[in-house]
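Numbering (my numbering), first residue to last: 14 to 175.
The structure under discussion appears below in the form of structure tokens.
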């Protein structure tokens with residue numbers, strides 16, 4: 014009897030591991046496809062917050078002693094001295110807005126000192142956006158991007174340069 018229970022527990026652990034791996038992969042696939050939708054659209058137009066950018070970069074990883082971060086999309090126009098910093102989420106929530114303001118923006122400035130005097134426009138892109146996130150983003154002049162047909166639509170009217 015104990016031998017059978019041990020065998021069942023071993024089988025349950027194997028199934029749980031397989032389920033965990035499947036769910037993890039599903040999460041990565043959803044995230045990757047969401048990023049692809051927004052990047053592809055922005056890559057074609059290079060337009061964000063009403064500004065035409067010259068360069069677009071994806072998944073930028075930057076490391077310095079004591080600080081590292083990853084940025085989903087960075088748009089740059091050196092002649093205008095402007096940067097567009099966009100984070101992509103499948104579902105944008107209030108914590109994502111706070112993370113953008115209090116972590117991503119300061120980290121970008123600290124890790125990209127050559128853009129220290131550039132105006133930075135912040136954006137969050139998502140397949141869906143929670144109401145609290147929308148309100149907080151609009152209060153802080155953060156551009157919200159949602160998929161709409163074959164292009165991306167900016168939500169909100171006033172965008173703030175940081």
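Don't be surprised by glycine CBs; every beta carbon is placed ideally from N, CA and C.
In the DSSP assignment, the residues bridged to residue 132 are 95. Rounded to the nearest whole angstrom, the CA to CA distance from residue 61 to residue 26 is 48 angstroms.
In terms of CA proximity to residue 75, 125 leads the group 21, 97, 125 and 152. The continuous stretches of alpha helix (DSSP H) do not include residue 82, which lies in the beta strand (DSSP E) extending over residues 80-90.
A Cβ-Cβ distance of about 15 angstroms is found for the pair residue 112 and residue 80, leaving them out of contact under the 8 angstroms criterion.
Using a C-beta cut-off of 8 angstroms, the stretch 140-150 makes contact with the stretch 95-111, since at least three inter-stretch Cβ pairs fall below that distance. According to DSSP, residue 122 shares a beta bridge with no other residue. With contacts defined by Cβ atoms closer than 8 angstroms, residue 66 and residue 57 do not form a contacting pair.
Between residue 51 and residue 158, the gap from beta carbon to beta carbon is short of 8 angstroms.
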